[in-house]
Every structure is written in C-alpha cells, then in structure tokens.
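Participant:
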Amino acid sequence: MIDAWSEPFILRALAAGIAVALVAAPLGCFVVWRRMAYFGDTLSHSALLGVALGVVLSLNPMLGVLIAAMLCGLLLLVLQRFGEFASDTILGILAHSTLATGVVVLSFFEQVRVDLFVYLFGDILAVAGGDLLWIALGAVVVLGALAALWRPLLATTVSPDLAQVEGVPVLAVRVAFILLLAVVVAVAMQIVGILLITALLIIPPATARRLAGSPVQMAVIAAGSAALSIVCGLAASLGWDTPAGPSMVVTAALLFVVTLLGSAAYAR
Amino acid sequence: MTPTDTTALVRLEGIEIAFDRRIVLRDVHCAVHPREILTLIGPNGAGKTTLVRVMLGLLRPRRGRVRRASGLRVGYVPQRLHIEPTLPLTVRDFLALGQRASRAACERALAEVGVGHLIASPVQHISGGEMQRVSLARALLREPDLLVLDEPGQGVDVVGQRELYRLIADLRNRRGCAVILVSHDLHLVMSATDRVICLNGHVCCAGEPHAVSNDPEYRRLFGPLADEVALYAHHHDHRHDVDGRIIEPERDG
C-alpha cells in the first residue's frame, strides 16, 4: 500500500486527474454563473453516444465523445434560439435520448464487451500513456482558450445585451464556450465517468464561492479544491478499494459541506 | 464626431418588427441628432424598448433600415440587470468589463454620477437605483457619442427620478453626447428633454415636449391623464442623493 503511490499507473491516474480538475473547475465557474448545470449534464450524457460512435467507426473513444458532445452542444444552441420549447425541456429530451441511443447502439456490439459501468463512473486507474497525452493536450488547449476568452465571456455572462452593445461578439463567445465544455466532457469521462462529470464542473466552484472575492479568485480556489478532491478520492480508492471516480466526487461534496458550515459559523 | 455635426447619429427608416405574427412596430421613422435629448414615451406595450433594441443593434427589423454614423460609440444603461449571486463581482470589476479602465478612471466615472463610495461594493449588495447609476458610469467610461437609457427611473421614487433626469441633462451639457431616454412617465420627462417621440406601435406624434403634450394624438393616447400632467408643477427646494438623503446646498468660498 505504501509504495502504491510510486506505481506508474497510479502516477498516470494522478496526473490525468489533476489535469482534468484544473480545467474543469474554472470552466465550471462559468457553468455555475450562467446557470448551465443541466446543460453540462446534457453534454456529458451525449458522451455515451460518442462512445458508441467511437466503437462503430473504430475511433479513440475520447475522440468519439468529443465529436458527439460538440454536435450536441451546437444542436442545443440552435434549438434554444429557434425552438418553441423551454430550454430545460430541450435539454431533457437531448440528454436522455442521446444516453439511451448510446446504450442501444452499444448493445449491438457484444463482442466488444463494453463495460457500461466504466463509462458511467470512470476508470481513472486504466489511464494509459496515450490517454494521458490527450488529456494533457486537451487541458492545455482549454486553459489557454479560457484565458483568452475570459473578459468577453465574463461580460457576456453578466449581461449579453450590454456586452453586445459594447462590441463583444456574443454568439461567437457562446459557441466557443460550448466547444470548450465539450472538450472537458471528453477528457473528464475517463476520470469520473459520464454521470459524474457535472459534479466536477459544479461542486468545486460552489465550494469556492464563499471564499472568493473576485471571479479569478473563485476560479483559482475552485481549481485547488478540485485537485484536492482528486488526490483524496484516489487515496480513498486505494486505501478502501472504493471506485475512484465516485470517491473523488464524494470528497468534493464533503469539501463543499465543510466550507458551507465553516462560513456559517464564521458569519455568527 | 464633433458637436457641430448635423448628420444624425442613428437614423431609422421604415422599421417594422413582429414577434411571431404580432406586429409590434410598423413603419417607424426617426433620427437621433448630436447633443439632443430624445425621449420615447408611450403606454405599456407600445414598443418603446423594442425600438431601443433596434437602435442598439440587438434586434434585427423585419423591414426597414438602421443607419448608424460610422465609429459611433454607444453607452447603454439597461432597464435592470440581474447578476447571479454566485458571481463574486465588485462594482470596480463590473465597470472594467465594458472598457479596460484604471481604478482612477473608475473612481472618476462613479463620482460623476454620484456613487463614488460604491467602488468596492459587491454588485449584489447595492440597490436598484444605485445599480442604474453604476451602469451609467460603465457607459460613461466608453466616452459615448450616444447614451441610451431604458426606463432610468424604474424602482426610484419621484424625487430620485428628478435627480436622475437632472444628472442626465448635466451629462449631456458637460460631455456633449446625445441621449435617448425611454419612459412612460409624462411629467418627469417633459422638462428634461429636447424632443419627444410618442409611440404606440407607430409614431403617434413627435416634436418638442409642449407641442406633443397639446397634440390630439397624444391626448387620445393618454386620455384625461394628459391634462392632469399638464397641471402638475412641483417645485422642489432641495436635492436628494441616491438613497434619498437631503444634500446640503453647496456654499461658495
């Protein structure tokens, strides 16, 4: 147990988990500020359709998920602009129909022996060297793009009308944000699984809210708390043989409760 | 753009707007000239905010043309802004979103609209009236040629509204920008505006405030209220700040 931490597969898991945490949390701040939790959920549900797509076209599953999540995100944008249904209805339809279609399509490929549990709840200990490379690349791209987009994205989040009058290309910013979310879904799937990706986007920013005095502070604190959740979750998984992804989310939730109680006590 | 420029800053020609099949604005022509204060009035649902959104480029008309002077800088103060409580944003951060601005520039802009003390406050902790002034400061930081205020008096009492209109007139005189105001409050805007457009799906009448208030179209639209308003003349002998506290008169020396 003590030398488990020097095993290469543990180190790879740790590196991949931290990389995902560092991008998911700052992007997740915008998900929280823009009230897009359900949107994030829908993108992650579409990931299973992406896995199926990967199997059918024999692509890397991460690439399949990326394509599916991007298409789903853009479709949502179009439907929300021109559709007559409320946003959450459209999200619900797309989230569940993509998930169900993914399961149905995968059921045709019994010889592939797709383990659904792995996709739904992640398998961080199976991260291979090639995966780690892709995850790191995705993380760098997302962080760089987010840094470049920060001001216009924040202005659009506060008031799209005001931002547009002030010359921000609001639609382009929105599309870019959705594409970045799709990248996060693709790289986070292996870490926490389809059903828990939104947790990684939402919980660390919620934890950071009480401690932060500015948007940048909130993003940094969220990234730190997300990375801490990854490390503790992995440790719990090694120590008690619990599934790693869910253990990380449980840790993140505990951190949230601690800051909530802490700030309540402080406010007295 | 020089103050003597006589061409319109924004000119609307034959604007038609429909939501679904309901026509909200029909054949609207109007123009905004440099340095003028133009007020759009009309009953609820008259299309005032819609017309402003067309001028701002936020809404594309089904018919008609919007011509803007090239390089026109617009400052916009929306009716109300809801900012998520989960977003930790101070007034200073909010100002810097519209325009990169130094702390000193932000302080100046806030002081100009009378809310200099708010610079470090979280935006969620300030009142609606204060938020409007903060939005006005954000618009001023852009050095606008045209300032657009949608229902600036909302959520502020009558006296506060008077203060606000006085401030807007001061800003026009000091900075030489044109101003578009949206209002459904008649007597308040009459004294603070150069020109009025009375809107009800189309332009009912337009012109100087007194001409409009005597126009039969206008009287038909507002009914007996129009007479009540014409009689209203309130003389206020002191001034209030944003929170309604009385401002001590300034003394010389």
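Top to bottom, those sequences are chains A and B.
In terms of this note's numbering, the first sequence opens at residue 838 and continues consecutively.
In terms of this note's numbering, the second sequence opens at residue 2 and continues consecutively.
Just so you know, even glycine gets a beta-carbon here, dropped at the ideal spot from N, CA and C.
Which class does A1050 (chain A) belong to by DSSP, given the choice of helix, strand or coil?
Facilitator: Translated into positions along the first sequence, residue 1050 (chain A) becomes position 213. According to the sequence displayed, residue 1050 (chain A) carries Gly and not Ala. Coil, per DSSP.
Participant: Drop a sphere of 10 angstroms on the beta-carbon of D878 (chain A), count the other beta-carbons inside from all chains shown, and report buried for 16 or more, exposed for fewer.
Facilitator: Here the question's residue 878 (chain A) lines up with position 41 in the first sequence. Buried, because 16 or more other Cβ atoms sit within 10 Å of the Cβ of D878 (chain A).
Participant: If you measure from the beta carbon of G75 (chain B) to each beta carbon in chain A, is any gap under 8 Å?
Facilitator: Position 74 of the second sequence, counted from the start, is the residue given in the question as residue 75 (chain B). The amino acid at residue 75 (chain B) is misidentified as Gly; the sequence shows Val. Yes, its Cβ sits closer than 8 Å to a Cβ of chain A.
Participant: If we count Cβ pairs, one from each stretch, closer than 8 Å, do we get three or more for the segment 1053 to 1065 of chain A versus the segment 852 to 869 of chain A?
Facilitator: A contact exists between the segment 1053 to 1065 of chain A and the segment 852 to 869 of chain A.
Participant: Can you check DSSP and say which residues form a bridge with K40 (chain B)?
Facilitator: As a position in the second sequence, residue 40 (chain B) is number 39, starting the count at 1. Note that residue 40 (chain B) corresponds to Thr in the displayed sequence, not to Lys. DSSP output for T40 (chain B) lists B:L182 and B:V197 as bridge partner(s).
Participant: First and last residue of the alpha helix (DSSP H) that includes A19 (chain B)?
Facilitator: Start at 1 with the first residue of the second sequence, and residue 19 (chain B) comes out as number 18. Note, A19 (chain B): premise wrong, no alpha helix (DSSP H); beta strand (DSSP E) at V11 to F20.
Participant: Hey, is M899 (chain A)'s beta-carbon within less than 8 Å of any beta-carbon in chain B?
Facilitator: Sequence index remark: in the first sequence, residue 899 (chain A) carries index 62 (1-based). No, its Cβ sits nowhere closer than 8 Å to a Cβ of chain B.
Participant: Can you pull the chain A residues whose beta carbon is under 7 Å from the beta carbon of P79 (chain B), in chain order?
Facilitator: Within the second sequence, the letter at position 78 stands for residue 79 (chain B). Near P79 (chain B) (Cβ distances below 7 Å), the residues of chain A are S996, D998 and L999.
Participant: Can you give the Cα-Cα distance for Y233 (chain B) and S1100 (chain A), rounded to whole angstroms?
Facilitator: Numbered from 1 along the second sequence, position 232 holds the residue referred to as residue 233 (chain B). Numbered from 1 along the first sequence, position 263 holds the residue referred to as residue 1100 (chain A). Because the pLDDT at Y233 (chain B) is just 39, under 50, the model does not fix this residue reliably, and the point stays unresolved.
Participant: So, at 8 Å on beta carbons, what are the nonlocal neighbours of E1003 (chain A) in its own chain, with the 5 sequence-adjacent residues on each side left out?
Facilitator: Counted from its first residue, the first sequence places residue 1003 (chain A) at position 166. So the qualifying residues of the chain are A992.
Participant: Rounded to a whole number of angstroms, what is the C-alpha to C-alpha distance between V149 (chain B) and G76 (chain B)?
Facilitator: Along the second sequence, one-based indexing puts residue 149 (chain B) at 148. Along the second sequence, one-based indexing puts residue 76 (chain B) at 75. C-alpha separation (whole angstroms): 6 Å.
Participant: What separation, rounded to the nearest whole angstrom, lies between the Cα atoms of V1087 (chain A) and L1033 (chain A)?
Facilitator: Walking along the first sequence from the start, residue 1087 (chain A) turns up at place 250. Walking along the first sequence from the start, residue 1033 (chain A) turns up at place 196. Taking the straight line from one Cα to the other gives about 10 Å.
Participant: Just by C-beta distance, which residues in the segment 1055 to 1069 of chain A are closer than 7 Å to chain B?
Facilitator: Those would be M1055, in chain order.
Participant: In the DSSP assignment, find the unbroken beta strand (DSSP E) run with V1005 (chain A) in it and report its ends.
Facilitator: Residue numbering aside, residue 1005 (chain A) sits at position 168 when the first sequence is read from its first letter. V1005 (chain A) -> no beta strand (DSSP E), and no H or E assigned at all.
Participant: List, in chain order, every chain A residue whose beta-carbon is nearer than 8 Å to that of D94 (chain B).
Facilitator: Position 93 of the second sequence, counted from the start, is the residue given in the question as residue 94 (chain B). Here the neighbours are S1051 and P1052.
Participant: Out of B:L39, B:E164, B:H203 and B:H126, which has the shortest C-alpha to C-alpha gap to T51 (chain B)?
Facilitator: Within the second sequence, numbered from 1, the residue matching residue 51 (chain B) stands at position 50. Here the closest residue by C-alpha is B:H203.
Participant: In terms of residues, what are the limits of the beta strand (DSSP E) holding R24 (chain B)?
Facilitator: By one-based count along the second sequence, residue 24 (chain B) stands at place 23. The question names Arg, yet the displayed sequence has Ile at residue 24 (chain B). Note, I24 (chain B): beta strand (DSSP E), R23 to V33.
Participant: Express the C-alpha separation of G1030 (chain A) and D960 (chain A) in angstroms, rounding to a whole number.
Facilitator: As a first step, residue 960 (chain A) is located in the first sequence; it is residue number 123 there, counting from the start. As a first step, residue 1030 (chain A) is located in the first sequence; it is residue number 193 there, counting from the start. About 7 Å.
Participant: What is the DSSP secondary structure of D952 (chain A), reduced to helix, strand or coil?
Facilitator: In the first sequence, residue 952 (chain A) corresponds to position 115, counting from 1. It is coil, neither helix nor strand.
Participant: Count the C-beta pairs between the segment 886 to 901 of chain A and the segment 919 to 932 of chain A that are closer than 8 Å, then say yes if the count reaches three, no if not.
Facilitator: No, the segment 886 to 901 of chain A does not touch the segment 919 to 932 of chain A.
Participant: Could you give the distance in angstroms between the alpha-carbon of V11 (chain B) and the alpha-carbon of C31 (chain B)?
Facilitator: The residue given as residue 11 (chain B) occupies position 10 in the second sequence. The residue given as residue 31 (chain B) occupies position 30 in the second sequence. Distance between the alpha carbons of V11 (chain B) and C31 (chain B): 8 Å.
Participant: Determine which residues of the segment 49 to 65 of chain B have a Cβ less than 9 Å from any Cβ of chain A, and write them out in chain order.
Facilitator: Answer set for the segment 49 to 65 of chain B: R54, L57, G58 and L59.
Participant: Measuring only between beta-carbons, confirm whether L26 (chain B) sits less than 8 Å from chain A.
Facilitator: Sequence index remark: in the second sequence, residue 26 (chain B) carries index 25 (1-based). Output row for L26 (chain B): interface = no.
Participant: D878 (chain A) by DSSP, collapsed to three states: which one?
Facilitator: By 1-based counting over the first sequence, the position of residue 878 (chain A) is 41. Looking at D878 (chain A) - three-state DSSP - the assignment turns out to be helix.
Participant: For G48 (chain B), tell me which candidate among B:I16, B:P35, B:G65 and B:L73 has the shortest Cα-Cα distance.
Facilitator: Along the second sequence, read from residue 1 onward, the residue named residue 48 (chain B) stands at position 47. It is B:I16.
Participant: Locate the alpha helix (DSSP H) running through V114 (chain B), then write down its first and last residues.
Facilitator: Along the second sequence, read from residue 1 onward, the residue named residue 114 (chain B) stands at position 113. No alpha helix (DSSP H) holds V114 (chain B); DSSP gives it neither H nor E.
Participant: Do you know whose CA, among A:A1056, A:P1042, A:S1051 and A:W870, lies nearest L1092 (chain A)'s CA?
Facilitator: Counting from one through the first sequence, the residue named residue 1092 (chain A) turns up at place 255. The shortest Cα separation from L1092 (chain A) among A:A1056, A:P1042, A:S1051 and A:W870 belongs to A:P1042.
Participant: Against chain B, does A992 (chain A) count as a neighbour if the rule is that its beta carbon must be under 8 Å from one of theirs?
Facilitator: Residue mapping note: residue 992 (chain A) aligns to position 155 of the first sequence, counting from 1. It does: the Cβ of A992 (chain A) has a partner Cβ on chain B nearer than 8 Å.
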